[in-house]
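Report on the following structure.
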Amino acid sequence: MSTPPDTPPPDKPFMNAYLAGFILGLVLLAAFVFMGRGLGASGAFTTALAASVHAVAPAHAEGNAFYAEYLGDGTTNPLKDWLVFEVLGVFAGGFLSGALANRLKLTIEKGPRITNPRRLMFAAIGGALMGIGAKLALGCTSGQALTGGALLNVGSWAFMMCVFGGAYGLAWFLRRAWL
Amino acid sequence: MIAPFYKYGMFGEEMSLVVAFVIGLAFGFILEQAGFGNARVLAAQFYFRELRVLKVMFTAIITALVGVYLLGRFGFLDLSLVYLTPTFLVPQVVGGLILGAGFIIGGYCPGTSCVSAATGRIDGIFFVAGMVGGLAGFAEIYPDIEPFTKITSFGHVTLAQMFHVSYGLLVFAVVVMAIGAFVAAELAEKFVGRKEPGAGALTGPGRKLTPVRGAALAFAGLGLVALFAGSPYRNAFARVDTKQLALDAGNAADQVAVTELADWIVEGRNDYLLVDVREAAAFATYHIPGALNIPLATLTADFARRNERIVFYSDGGLHSAQAWFLLRSLGFPAARMLSGGLEEWKNSVLYPLAPAAGAAPRDQIDFAKRTAVARYFGGAPRGAGNETVSPAAPALPQLKLTVPATPATDTPQPVKKKKKEGC
């Protein structure tokens, strides 16, 4: 039976996990070789947030030690930042790859037993926890686990074990969300 | 050519942002290819159904780990210049646990949520929004919890330094551990996830040497090499490019003029280190404002980073030239020395000589400037009032120097305000 013409072409399968990991490792290595630093993600959002707060309430942002650190000394635009440009690239690269693999889709990824509003609430709560955790740990899965892991950084390995530990520890309680 | 390119000044900040975008592009592309734009794929990791997170992450880690080791070991990458996030053990353990909770509740981590949002996943967009909210909340409570974020500080430290084992041994151990974890992950997928391993798996059907198995063997082999090949950091054995050194010395590219240095200090430049290699007693009697004292006998490679601009000086030029040679051979490409040393500093900067009466106006103007600079450093011009002083035999009673009452410039080099390099 032939496929009806209005059916979109099927998604391409994901890349072999080991091959994807190898290429990701080469990207990380390129960051080390070119820049002397690794990958990151959460820091870009902090910079963007600090710049936004500064635009709306300059006194509040400058008076807050946390924001002040991301705003720099005021001589340069804080958004002219390495991580900000890197994360813009992540969005662009993700979009490009999704487009090439026919995976661009306005949808909600969730388990079969959870409602859409509940899934979105969980996503936002998870995101908020990530934001807090990443700042406490000085990095997220990209900046700490991946980058620090490859550099044998003590804190990164402790962090990585705890990320897996925390997620596995709660997995049973959240089985209705995913399975 | 030596890496990291950016830190050795091979391209500037504007270009670094282009590099950032390109690296991010590749990062996002590969995350999406790996399936990490999809929360179900990521969450399956924690139910032992599909362990792509572990496979991708640890393959990336061992690839970069072995790569960094080899590039460092063979002198292409200066590993000491690759930024290492400082370790604050307890905050990082707590942060990791919170992040892990966020992972299983929300289904993403910060990087993967970007890819998810970019491919139209509404849950990914909510996750990003929640993350920004969490960051804002963290900023508000930060003043109260700041002391906690700074406890159990260990500085920039690797596992090799912490546990006093060789870097190569750890490279080998991590590679072996990762391959073991991959096999365990495939077994979990087989028995929990009911997914038969395919040709792209280590435990796939048949006994043939598939590309994946070959790669695993190659990594194990490189791990073994690392075990015996020594430290990836540049060591104390000197390596000299004699041609380059001769060229730099010949065309005086290895020197900084005293007037140039004086201008740097007056301008408040802080992109260089000024190092006095004389003995501590001589240093205490007089030194150029802002100088560090590192007597020649104690000079090692660990007082500065290799990409730092360093200017050495001594009384004349002999000791500073020796220091220059030492550091150049230890791989500091931007080490230079003060031309003529302290003697020249006194003669030209502290006590500049007035030009002869009929000198060109340009010389007169230049002298006025030098006079101002001399006063700034607590010196005074010689032969002012246009009396003729023979430069060959200057009467220099003032050269018995005490510490001139300099303006408050005699502070240690101001620490450069660097932007955060971490996440």
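Note that the protein sequences, when read in sequence, are chains V and F. Taken in order, the first sequence gives residues 8 to 186; the numbers are from our numbering. Taken in order, the second sequence gives residues 5 to 427; the numbers are from our numbering. No residue lacks a Cβ here, since even glycine has one placed at the ideal position from N, Cα and C.
task: Would you mind telling me which residues of chain F sit closer than 8 angstroms to residue 78 of chain V, beta carbon to beta carbon, in chain order?
output: None at all; the shortest Cβ gap to chain F is about 10 angstroms.
Residue 255 of chain F to residue 276 of chain F span [Cα, whole Å]
21 angstroms
For this session: Under 8 angstroms between beta-carbons, which chain F residues line up against residue 114 of chain V? List them in chain order, please.
Result: 124, 125, 126
Worksheet entry | Contact list for the segment 264–280 of chain F against chain V, Cβ threshold 8 angstroms | none
| request: Within 10 angstroms of the Cβ of residue 368 of chain F, are there 16 or more other Cβ atoms? Answer buried if so, exposed if not. | output: exposed
### Message
Tell me the rounded alpha-carbon separation between residue 65 of chain V and residue 59 of chain V.
### Response
9 angstroms
> Exposed or buried, which one is residue 168 of chain F when buried takes at least 16 other CB atoms within 10 Å?
Replying inline: exposed
So which residues of chain V does residue 155 of chain F contact, with C-beta pairs closer than 7 angstroms?
Those do not exist, as residue 155 of chain F stays about 11 angstroms from chain V at its closest Cβ, beyond 7 angstroms.
Next on the checklist: Please report the straight-line C-alpha distance between residue 145 of chain F and residue 297 of chain F, rounded to a whole angstrom.
Outcome noted: 43 angstroms
Query raised in the report: In chain F, which residues lie less than 8 angstroms from residue 93 of chain V when you measure between Cβ atoms?
Result: 24, 25, 27, 28, 31
Could you tell me the distance, in whole angstroms, from the CA atom of residue 108 of chain V to the CA atom of residue 70 of chain V? 46 angstroms
Can you tell me whether DSSP reads residue 256 of chain F as helix, strand or coil?
-> coil
For residue 341 of chain F, report the span of its beta strand (DSSP E) as first-last.
339–342
Q) For residue 297 of chain F, which residues does DSSP report across the bridge? A) F:280
**Asked** For the 8 angstroms Cβ check, are there 3 or more pairs between the segment 273–288 of chain F and the segment 312–321 of chain F?
**Response** yes
Taking 8 angstroms as the threshold (beta carbon to beta carbon), is residue 81 of chain V in contact with chain F? no
Check your understanding: Would DSSP call residue 114 of chain V helix, strand or coil?
Key -> strand
>> When you compare the segment 157–170 of chain V with the segment 128–143 of chain F, are there three or more beta-carbon pairs, one atom per stretch, that lie closer than 8 angstroms?
In response: no
Proximity of residue 63 of chain F and residue 28 of chain V at Cβ, strictly below 8 angstroms: yes
Please identify the residue among F:49, F:308, F:313 whose C-alpha is closest to the C-alpha of residue 179 of chain V.
F:49
Original post:
For residue 87 of chain F and chain V, any beta-carbon pair shorter than 8 angstroms?
Top reply: yes
Checklist line | Integer-rounded CB distance, given that residue 376 of chain F should sit under 8 angstroms from residue 34 of chain V | finding: The Cβ separation is near 53 angstroms, so there is no contact.
Q.
At the 8 angstroms Cβ level, is residue 63 of chain V part of the contact set with chain F, yes or no?
A. no
* **Residue from F:11, F:370, F:61, F:25 whose Cα sits closest to the Cα of residue 185 of chain F** => F:61
### Chain-ordered neighbours of residue 121 of chain V on chain F, where CB pairs are closer than 9 angstroms
What residue 121 of chain V touches in chain F: nothing, since even the nearest Cβ is about 10 angstroms away.
Beta-bridge pairing of residue 315 of chain F - partner residues as DSSP gives them: F:278, F:340
Review point. Looking at the structure shown, is residue 72 of chain V part of a helix, part of a strand, or coil, going by DSSP?
Key: helix
Next on the checklist: Contact criterion: CB-CB distance below 8 angstroms. Does residue 192 of chain F meet it with respect to chain A?
Outcome noted: Absence of chain A from the displayed structure is noted, the protein chains being V and F.
*asked:* Against chain V, with Cβ distances strictly below 8 angstroms, would residue 385 of chain F count as a contact?
replied: no
For the structure I just gave you, are there three or more beta carbon pairs, one from the segment 192–204 of chain F and one from the segment 71–86 of chain F, closer than 8 angstroms? no
Query raised in the report: Beta carbon of residue 39 of chain F, beta carbon of residue 120 of chain F: below 8 angstroms?
Result: no
Candidates V:47, V:24, V:26: which alpha carbon is nearest residue 25 of chain F's?
-> V:47
Would the beta-carbon of residue 159 of chain F fall within 8 angstroms of that of residue 236 of chain F?
no
**Message:** Could you compute how far the alpha carbon of residue 151 of chain V sits from the alpha carbon of residue 138 of chain V?
**Reply:** 14 angstroms
Worksheet item: Counting Cβ pairs, one atom from each stretch, are 3 or more of them under 8 angstroms apart for the segment 64–80 of chain F and the segment 218–234 of chain F?
Response: yes
Name the DSSP beta bridge partners of residue 438 of chain F, please? Because chain F is modelled from 5 through 427, residue 438 of chain F falls outside the range shown and cannot be assessed.
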